[in-house]
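In what follows, a structure is listed as structure tokens, so that the remarks can point back to it.
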Amino acid sequence: MSDRNRRETGTGFTGLLGSYWRRLPRNFRWNIEDTFQPEDLEERLLPNEEPQLEIRLAWYRDLVGGIVFHYFNYVLGITLLLVAGIMLYALLTGTFSLYWAFLPFVLLLVLIVYAIMERIEYRQWRLLKTNARLIISIPQPGSLFLVDNIELKGLPQVVDTNWSRNPVWRIFQFFTGARDLYLSLAAYRFVEGTARVGDALIIPDVMPDQVFALKRIIFTIPGGGPQKVTFAGPQEVKFPEPQKVIPVDEPEEPDEEA
């Protein structure tokens, strides 16, 4: 069974919810989906349009969400063990009240809420390149859980990678090679004193293989594939010397009388 069929029929609890969700009226479902998540192109591709590249945030931006949603049974099991341990310790020592046994459930609830918020923000960041357009989706500034989409016909002119301004994400970037991706659509303007491009759209924490795949699409050589130039050693650049004017003796005109 293909991934598309699995999404439509549903596997597990989340798949079952997805299958029921797809049974809703299409226009209503699209309106709700496009409010909180980037546009799903599986059902709305243009004629002869094909996806070429999809860029998401690095995996560590969805670390808590990945643990909670993919390993929920283990998280729930650890919570129950903590509850049993606290209850047993309280009964044996009388130090704690039995109400402390509810603390792991409170922590689990907080973890689930944080995981949901992290997963929503993680999925809202997306760059999708097709053979017809470039679609960039980012969270709407100042609006909780809302997403903003922009569609471009052309390609960015400048691709720049920089370290994150957040010191926590810099630690992950150091070990994974991810960088913040700066895309400038027109202007070649740089921030004073740095090599960072100005007036750019920033997509945080993009893995290096995805940045390289984007460069392969943007920086193409017309009329052929990539060309390789090899130099045997250091090349000396010589500028042409200024042209000199050499005087030339003009021939004497013949005597008309002769």
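Mapped onto numbering that gives the first Met the number 0, the consecutive letters of the sequence shown carry residue numbers 0 to 257.
The beta carbon of each residue, even a glycine, is placed where N, CA and C say it ideally should be.
In this text, all values refer to a predicted model and were calculated from it rather than measured experimentally.
Quiz prompt | Proximity winner among Val74, Leu126, Ile220 and Ile135, relative to Leu106 (alpha-carbon distances) | solution = For the purposes of this step, residue 106 is taken as residue 107 along the sequence shown, with counting starting at 1. Looking at the Cα atoms, Val74 is the closest of the given residues.
Quiz item: Since Gln260 is in the beta strand (DSSP E), which residue starts that stretch and which ends it?
Solution: What the structure shows of the chain is the stretch from 0 to 257, and residue 260 is not part of that stretch, so it cannot be assessed.
Quiz prompt | Asn148 vs Ser136 beta-carbon contact at 7 Å | solution = Here residue 148 refers to the residue found at position 149 when the sequence shown is read from its first residue. Here residue 136 refers to the residue found at position 137 when the sequence shown is read from its first residue. Taking 7 Å as the Cβ cut-off, Asn148 and Ser136 qualify as a contacting pair.
Practice problem: From the DSSP output, read off the bridge partner residues of Arg150. | Solution: Within the sequence shown, the letter at position 151 stands for residue 150. Before going on, a small fix: residue 150 reads as Glu here, not Arg. In the DSSP assignment, Glu150 is bridged to Ile134.
Quiz item: By how many angstroms is the C-alpha of Tyr88 removed from the C-alpha of Tyr19?
Solution: Sequence index remark: in the sequence shown, residue 19 carries index 20 (1-based). Sequence index remark: in the sequence shown, residue 88 carries index 89 (1-based). So the two alpha carbons sit approximately 45 Å from each other.
Quiz item: Over what stretch of residues does the beta strand (DSSP E) that includes Asn47 continue unbroken?
Solution: Taking the first residue of the sequence shown as position 1, residue 47 is located at position 48. Premise fails: Asn47 is in no beta strand (DSSP E) and is neither H nor E.
Practice problem: Enumerate in chain order the residues of its own chain whose CB-to-CB distance from Glu48 is below 7 Å, with the five nearest sequence positions on each side excluded. | Solution: Locating residue 48 in the sequence shown gives position 49, where the first residue counts as 1. Here the set comprises Thr129, Asn130 and Ala131.
Exercise. For the beta strand (DSSP E) containing Thr160, list its first residue and its last residue.
Key: Residue numbering aside, residue 160 sits at position 161 when the sequence shown is read from its first letter. Note, Thr160: beta strand (DSSP E), Val157 to Asn161.
Quiz prompt | CB contact flag (Ala100, Val82, <7 Å) | solution = Along the sequence shown, read from residue 1 onward, the residue named residue 100 stands at position 101. Along the sequence shown, read from residue 1 onward, the residue named residue 82 stands at position 83. By the CB criterion at 7 Å, Ala100 and Val82 fall inside the cutoff.
Quiz prompt | Limits of the unbroken beta strand (DSSP E) element including Pro203 | solution = As a working mapping, residue 203 is identified with position 204 in the sequence shown. Taken as a continuous stretch (DSSP letters only), the beta strand (DSSP E) holding Pro203 covers Leu200 to Val205.
Quiz prompt | Closest by C-alpha distance to Tyr70, when choosing among Ile111, Pro24 and Tyr181 | solution = For the purposes of this step, residue 70 is identified with residue 71 of the sequence shown, where counting begins at 1. Nearest of Ile111, Pro24 and Tyr181 to Tyr70, Cα basis: Ile111.
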